[in-house]
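*Asks:* Protein chains in written order, with my numbering: chain A, 1 to 383; chain B, 384 to 766.
The following block contains the structure, expressed as structure tokens.
2 protein chains.
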Amino acid sequence: MKPFHPTPKTLMGPGPSDVPTRILEAMARPTVGHLDPQFIALMDEIKLLLRYAFQTDNALTFPVSAPGSAGMETCFVNLIEPGDTVIVCVNGVFGGRMVENVTRAGATAVVINEEWGKPVDPQKVEETLIAHPEAKILAFVHAETSTGVLSDAKTLCALAQKHFTLTIVDAVTSLGGVPVKVDEWDVDAIYSGTQKCLSVPPGLSPVSFGPRAIAAIEARVTPVQSWFLDLSLVMNYWEGARSSSDSGSAQKTGARSYHHTAPVNAMYALHEGLLMLREEGLDAAFSRHQTQHEHLRDGLEKLGFSFLVEPEHRLPQLNTVRIPASVKDEAAVRKALLEKHHLEIGAGLGALAGKVWRIGLMGASACPQNVDKCLGALAEELG
Amino acid sequence: MKPFHPTPKTLMGPGPSDVPTRILEAMARPTVGHLDPQFIALMDEIKLLLRYAFQTDNALTFPVSAPGSAGMETCFVNLIEPGDTVIVCVNGVFGGRMVENVTRAGATAVVINEEWGKPVDPQKVEETLIAHPEAKILAFVHAETSTGVLSDAKTLCALAQKHFTLTIVDAVTSLGGVPVKVDEWDVDAIYSGTQKCLSVPPGLSPVSFGPRAIAAIEARVTPVQSWFLDLSLVMNYWEGARSSSDSGSAQKTGARSYHHTAPVNAMYALHEGLLMLREEGLDAAFSRHQTQHEHLRDGLEKLGFSFLVEPEHRLPQLNTVRIPASVKDEAAVRKALLEKHHLEIGAGLGALAGKVWRIGLMGASACPQNVDKCLGALAEELG
Numbered sequence: 001m002k003p004f005h006p007t008p009k010t011l012m013g014p015g016p017s018d019v020p021t022r023i024l025e026a027m028a029r030p031t032v033g034h035l036d037p038q039f040i041a042l043m044d045e046i047k048l049l050l051r052y053a054f055q056t057d058n059a060l061t062f063p064v065s066a067p068g069s070a071g072m073e074t075c076f077v078n079l080i081e082p083g084d085t086v087i088v089c090v091n092g093v094f095g096g097r098m099v100e101n102v103t104r105a106g107a108t109a110v111v112i113n114e115e116w117g118k119p120v121d122p123q124k125v126e127e128t129l130i131a132h133p134e135a136k137i138l139a140f141v142h143a144e145t146s147t148g149v150l151s152d153a154k155t156l157c158a159l160a161q162k163h164f165t166l167t168i169v170d171a172v173t174s175l176g177g178v179p180v181k182v183d184e185w186d187v188d189a190i191y192s193g194t195q196k197c198l199s200v201p202p203g204l205s206p207v208s209f210g211p212r213a214i215a216a217i218e219a220r221v222t223p224v225q226s227w228f229l230d231l232s233l234v235m236n237y238w239e240g241a242r243s244s245s246d247s248g249s250a251q252k253t254g255a256r257s258y259h260h261t262a263p264v265n266a267m268y269a270l271h272e273g274l275l276m277l278r279e280e281g282l283d284a285a286f287s288r289h290q291t292q293h294e295h296l297r298d299g300l301e302k303l304g305f306s307f308l309v310e311p312e313h314r315l316p317q318l319n320t321v322r323i324p325a326s327v328k329d330e331a332a333v334r335k336a337l338l339e340k341h342h343l344e345i346g347a348g349l350g351a352l353a354g355k356v357w358r359i360g361l362m363g364a365s366a367c368p369q370n371v372d373k374c375l376g377a378l379a380e381e382l383g
Numbered sequence: 384m385k386p387f388h389p390t391p392k393t394l395m396g397p398g399p400s401d402v403p404t405r406i407l408e409a410m411a412r413p414t415v416g417h418l419d420p421q422f423i424a425l426m427d428e429i430k431l432l433l434r435y436a437f438q439t440d441n442a443l444t445f446p447v448s449a450p451g452s453a454g455m456e457t458c459f460v461n462l463i464e465p466g467d468t469v470i471v472c473v474n475g476v477f478g479g480r481m482v483e484n485v486t487r488a489g490a491t492a493v494v495i496n497e498e499w500g501k502p503v504d505p506q507k508v509e510e511t512l513i514a515h516p517e518a519k520i521l522a523f524v525h526a527e528t529s530t531g532v533l534s535d536a537k538t539l540c541a542l543a544q545k546h547f548t549l550t551i552v553d554a555v556t557s558l559g560g561v562p563v564k565v566d567e568w569d570v571d572a573i574y575s576g577t578q579k580c581l582s583v584p585p586g587l588s589p590v591s592f593g594p595r596a597i598a599a600i601e602a603r604v605t606p607v608q609s610w611f612l613d614l615s616l617v618m619n620y621w622e623g624a625r626s627s628s629d630s631g632s633a634q635k636t637g638a639r640s641y642h643h644t645a646p647v648n649a650m651y652a653l654h655e656g657l658l659m660l661r662e663e664g665l666d667a668a669f670s671r672h673q674t675q676h677e678h679l680r681d682g683l684e685k686l687g688f689s690f691l692v693e694p695e696h697r698l699p700q701l702n703t704v705r706i707p708a709s710v711k712d713e714a715a716v717r718k719a720l721l722e723k724h725h726l727e728i729g730a731g732l733g734a735l736a737g738k739v740w741r742i743g744l745m746g747a748s749a750c751p752q753n754v755d756k757c758l759g760a761l762a763e764e765l766g
């Protein structure tokens, strides 16, 4: 066994996306203590930068020290108490994972199934909200990574509010690629990942919780089933005994209490990635994703590909195309792309395995060079 | 806000420890996909290297994608079913955290309390095992990070086996610093962290599970309460549909199924740190920790410090000393060490807050330069 020197790949799958050198270099800076005042100040900056990304003033906005699935679990286990009812919209793999989270937390899941590749249907959601007035939470995936479909989060959140139901929103693939307006939509709990449109290595899960979610957590009569993800404990580390202040001044660091050891270097990378997003600006980032998506779409259509998702519901950052009938061994094509062209695209997941490819244009991967490389490599391999 | 360039510190607290440049550089290599065959091969090497570190042939040996607290939770939530009884030895903060894990998983904790700074008492453990034949698990901390005490894991595991009880062992601070013999002691479930004696940045938790633990997991009648930490799912990613083979050949990667996105770059760092441990050799690493501990101890005693823990139970990698009565403001001394000398030492935790300092000699931090620097800085600050 020898030190690992990976052959670099162009990452155009469903994440991780290409990580800019600037972020990798930030990650390699010297490790300092997780209670060092300079690290506490970094945490405060990360919170502010995440509020920018999530378009929120929520004080409780921070990265969970584990990948997106743990961010999902953080939302569910903190908001659910045994016996609760949760309406879950399932239009892909990640909605199904939400159901798993609900039932394992001792709640009843009322599932609204939708065809994979279609967005969540607001009418079905309203009917279900009316039929289940006992529901505490409405949960849905904003950007389904398994299909490339965008659901209308604004409308779905408004329906939940009309029926006095909390919302949990999966923004793993949407954050940084399309608008995620936590305050405007009045989302209660939302989670994301670092390895998609933020172009930061995988490992952390940004989350944000609004006032109604915090009130629900404070009103709990049962303990949160996970110690590691218990927000009442995590908050003492990230906020310092629930202090709502966040100016990062050194005096307040005394109030921080140890919960777990934060992934220090991963936080360096997230900080740098968020700085880059702010430098570019959210609107510029969204429009870059859209422009590159259009170039890729035009090229893919010329190659004879058709999209799984209707134009008005497509995620620019995740292009799911049907594999042409002429392709007899789709895994062999992906293998050739990876090994010959050093290009990673994504396979289909779940019910779509073998039927579609998922081509990501996430974060730094949404650039003309990647679009050209992908179209050229596909043209060559599909002959 | 600007890019973060931390002032480097010498890390002699309870972790993180100093991270060698070689490991930081490995972490900054280009991110590849978590299902890329070259990454799958890296995962296989990490499993082999972790078996070396844990001195085990357990196939189910891998790093959980989150810090040590999540490794702890992985052990408890997979082995416990609601209604079980778990005997927990508490001689510091981390034993207390185990109790939290037990009760949140719906089990009854039978607690054996021990004075902080003392090892777990085997006689009390045997009495409790006899009094509670219904106990499914005995859980204890091998190396208590809050006190610097080493408990006799071999004896405690033998007692558990005599009474047909599974063991969960916290080896967060012991792995790589003192012998951790999973197979010889016949440990059932064990977890550690990367940021202690492995000198890898925090963020991952190496775990290992033996055959009785796997049988208990397979015999479960209730689902694991955490989706993220459910070993039956995680294993499909790390082992490929529970294949016990681990030679890393490319053919088998087809069997791997996606569970969550692994923290790719953190795995690079762990791989490099484990390579360094294997290059040095376990025995050489243990003896280096012991030698540096003796130098530090001699110097600290000359400065008038006394140790919390009796010599025969002291962890070489974590030196807990009583703060001299002459020190009126212990936090100010630590602050001066950090800001003037760029040296981090640890405060007391829990009941020992304000009463002790914890001086770490973990991994790369266990070197003569660090010992000298620490003694010199303390001599200056204590006048």
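All residues carry an ideal CB built from backbone N, CA and C; glycine is no exception.
Throw me the rounded Cβ distance for the residue 454 of chain B and residue 490 of chain B pair, which I believe falls under 8 Å.
*Replies:* For the purposes of this step, residue 454 of chain B is taken as residue 71 along the second sequence, with counting starting at 1. For the purposes of this step, residue 490 of chain B is taken as residue 107 along the second sequence, with counting starting at 1. With a Cβ gap of about 18 Å, residue 454 of chain B and residue 490 of chain B do not count as contacting.
*Asks:* Would you give the residue range spanned by the alpha helix (DSSP H) that residue 528 of chain B belongs to?
*Replies:* Against the second sequence, residue 528 of chain B aligns to sequence position 145. Element bounds for residue 528 of chain B: n/a, residue is neither H nor E.
*Asks:* Mind reading off the beta-carbon distance from residue 733 of chain B to residue 741 of chain B? Whole number of angstroms is fine, and I expect it under 8 Å.
*Replies:* For the purposes of this step, residue 733 of chain B is taken as residue 350 along the second sequence, with counting starting at 1. For the purposes of this step, residue 741 of chain B is taken as residue 358 along the second sequence, with counting starting at 1. At roughly 12 Å, the Cβ-Cβ gap does not stay under 8 Å, so residue 733 of chain B and residue 741 of chain B are not in contact.
*Asks:* Counting only C-beta atoms, is residue 564 of chain B closer than 9 Å to chain A at any point?
*Replies:* Along the second sequence, read from residue 1 onward, the residue named residue 564 of chain B stands at position 181. It does not; no Cβ of chain A falls within 9 Å.
*Asks:* How is the alpha helix (DSSP H) around residue 435 of chain B delimited, first residue to last?
*Replies:* In the second sequence, residue 435 of chain B corresponds to position 52, counting from 1. Note, residue 435 of chain B: alpha helix (DSSP H), 420-437.
*Asks:* According to DSSP, which residues form a beta bridge with residue 727 of chain B?
*Replies:* Numbered from 1 along the second sequence, position 344 holds the residue referred to as residue 727 of chain B. According to DSSP, which records beta bridges pairwise, residue 727 of chain B is partnered with B:394.
*Asks:* What residue from B:735, B:766, B:724, B:760 has the CA that sits closest to residue 391 of chain B's CA?
*Replies:* Residue mapping note: residue 391 of chain B aligns to position 8 of the second sequence, counting from 1. The option with the nearest alpha carbon to residue 391 of chain B is B:724.
*Asks:* Please report the Cβ distance between residue 386 of chain A and residue 180 of chain A, rounded to the nearest whole angstrom; I am assuming they are in contact, meaning their Cβ atoms lie under 8 Å.
*Replies:* What the structure shows of chain A is the stretch from 1 to 383, and residue 386 of chain A is not part of that stretch, so it cannot be assessed.
*Asks:* Tell me the DSSP bridge mates of residue 112 of chain A?
*Replies:* Here residue 112 of chain A refers to the residue found at position 112 when the first sequence is read from its first residue. The partner list for residue 112 of chain A (beta bridge, DSSP) reads A:89.
*Asks:* Confirm the yes/no value for this check: CB of residue 400 of chain B, any heavy atom of the ligand PLP, distance under 8 Å.
*Replies:* This structure does not include the ligand PLP; it has no bound ligands of any sort.
*Asks:* I'd like to confirm the pairing. Which residues does DSSP put opposite residue 358 of chain A in its beta bridges?
*Replies:* Residue numbering aside, residue 358 of chain A sits at position 358 when the first sequence is read from its first letter. Partner(s): A:320, A:346.
*Asks:* For the candidate residues A:122, A:320, A:136, whose alpha-carbon lies nearest to that of residue 158 of chain A?
*Replies:* Counting from 1 along the first sequence, the entry for residue 158 of chain A is found at position 158. If we check each option's Cα against that of residue 158 of chain A, A:122 comes out closest.
*Asks:* Can you tell which of A:49, A:326, A:360 has its C-alpha closest to the C-alpha of residue 10 of chain A?
*Replies:* In the first sequence, counting from the first residue as 1, residue 10 of chain A sits at position 10. Cα-wise, what sits closest to residue 10 of chain A is A:360.
*Asks:* Could you tell me whether any Cβ in chain A is nearer than 9 Å to the Cβ of residue 402 of chain B?
*Replies:* The residue you call residue 402 of chain B lines up with position 19 of the second sequence. Yes, because at least one Cβ of chain A sits closer than 9 Å to the Cβ of residue 402 of chain B.
*Asks:* Just checking: is the beta-carbon of residue 193 of chain A within a distance shorter than 9 Å of some beta-carbon in chain B?
*Replies:* Position 193 of the first sequence holds residue 193 of chain A. Yes, contact with chain B.
*Asks:* What does the Cβ neighbour count give for residue 164 of chain A, buried or exposed, with the cut at 16 atoms within 10 Å?
*Replies:* Here residue 164 of chain A is taken as the residue at index 164 of the first sequence, counted from 1. Exposed, by the Cβ-count rule.
*Asks:* Tell me where the alpha helix (DSSP H) around residue 213 of chain A begins and ends.
*Replies:* The residue you call residue 213 of chain A lines up with position 213 of the first sequence. Residues 211-218.
*Asks:* Which chain B residues sit within Cβ distance under 7 Å of residue 225 of chain A?
*Replies:* On the first sequence, position 225 is the one that residue 225 of chain A refers to. Neighbours of residue 225 of chain A on chain B, chain order: 487, 608.
*Asks:* Taking one C-beta from the segment 514-534 of chain B and one from the segment 465-479 of chain B each time, how about it: are there three or more such pairs within less than 8 Å?
*Replies:* The segment 514-534 of chain B vs the segment 465-479 of chain B: in contact.
*Asks:* Anything in chain A within Cβ reach of residue 690 of chain B, meaning under 9 Å, just list it in chain order.
*Replies:* Here residue 690 of chain B refers to the residue found at position 307 of the second sequence. Simply none; closest approach about 23 Å.
*Asks:* Quick check: what's the CA-CA separation for residue 719 of chain B versus residue 56 of chain A?
*Replies:* Taking the second sequence and counting its residues from 1, one reaches residue 719 of chain B at position 336. Taking the first sequence and counting its residues from 1, one reaches residue 56 of chain A at position 56. In a straight line, the C-alpha of residue 719 of chain B is about 38 Å away from that of residue 56 of chain A.
*Asks:* CA-CA distance, residue 313 of chain A and residue 168 of chain A?
*Replies:* Counting from one through the first sequence, the residue named residue 313 of chain A turns up at place 313. Counting from one through the first sequence, the residue named residue 168 of chain A turns up at place 168. Each residue's alpha carbon lies about 20 Å from the other.
*Asks:* Under a three-way DSSP split, which group does residue 29 of chain A fall into?
*Replies:* Stepping through the first sequence from its first residue, residue 29 of chain A is reached at position 29. Coil, per DSSP.
*Asks:* With 9 Å as the threshold, decide whether the Cβ of residue 369 of chain A is near any Cβ in chain B.
*Replies:* Counting from 1 along the first sequence, the entry for residue 369 of chain A is found at position 369. It does not: the Cβ of residue 369 of chain A has no partner Cβ on chain B nearer than 9 Å.
*Asks:* Quick one: does residue 766 of chain B have its CB under 9 Å from some CB of chain A?
*Replies:* Taking the first residue of the second sequence as 1, we reach residue 766 of chain B at position 383. Taking Cβ atoms only, chain A never reaches closer than 9 Å to residue 766 of chain B, which makes this a no.
*Asks:* So, is residue 633 of chain B buried or exposed, given that buried needs 16 or more other C-beta atoms within 10 angstroms?
*Replies:* One-based indexing of the second sequence puts residue 633 of chain B at position 250. For residue 633 of chain B, the predicted structure reports a pLDDT of 31, less than 50, and the residue's modelled location is therefore unreliable. The matter cannot be settled from this model.
*Asks:* Enumerate in chain order the residues of its own chain whose CB-to-CB distance from residue 609 of chain B is below 6 Å, with the five nearest sequence positions on each side excluded.
*Replies:* As a first step, residue 609 of chain B is located in the second sequence; it is residue number 226 there, counting from the start. Here the set comprises 460.
*Asks:* Quick one: using the 10 Å Cβ neighbour count with 16 as the cut-off for buried, is residue 316 of chain A buried or exposed?
*Replies:* Walking along the first sequence from the start, residue 316 of chain A turns up at place 316. Residue 316 of chain A should be labelled buried.
*Asks:* Who are residue 522 of chain B's beta bridge partners in DSSP?
*Replies:* As a working mapping, residue 522 of chain B is identified with position 139 in the second sequence. According to DSSP, residue 522 of chain B bridges with B:471, B:551.
*Asks:* At least one CB of chain B closer than 9 Å to the CB of residue 235 of chain A: is that the case?
*Replies:* In the first sequence, counting from the first residue as 1, residue 235 of chain A sits at position 235. Not one chain B Cβ lies under 9 Å of residue 235 of chain A.
*Asks:* Start and end of the alpha helix (DSSP H) containing residue 189 of chain A?
*Replies:* As a first step, residue 189 of chain A is located in the first sequence; it is residue number 189 there, counting from the start. Residue 189 of chain A -> not in any alpha helix (DSSP H); beta strand (DSSP E) instead, spanning 189-191.
*Asks:* Counting pairs of Cβ atoms below 8 Å between the segment 281-294 of chain A and the segment 206-213 of chain A, do you hit three or more?
*Replies:* No, the segment 281-294 of chain A does not touch the segment 206-213 of chain A.
*Asks:* On the DSSP bridge list, what partners appear for residue 444 of chain B?
*Replies:* By one-based count along the second sequence, residue 444 of chain B stands at place 61. Looking at the DSSP assignment, residue 444 of chain B forms a beta bridge with B:591.
*Asks:* Quick one: list the residues of chain B neighbouring residue 101 of chain A, beta-carbon separation under 7 Å, in chain order.
*Replies:* Along the first sequence, read from residue 1 onward, the residue named residue 101 of chain A stands at position 101. Chain B residues near residue 101 of chain A: 610.
*Asks:* Excluding the 5 residues preceding and the 5 following residue 435 of chain B in the sequence, name in chain order all residues of the same chain whose CB lies nearer than 6 Å to its CB.
*Replies:* On the second sequence, residue 435 of chain B is found 52 positions in, with the first residue counted as 1. Closer than 6 Å at the Cβ level, and outside the excluded window around residue 435 of chain B, lie 661.
*Asks:* Flag residue 287 of chain A as yes if its beta-carbon sits less than 9 Å from any beta-carbon of chain B, otherwise no.
*Replies:* Residue 287 of chain A sits at position 287 when you count from the first residue of the first sequence. So, not an interface residue.
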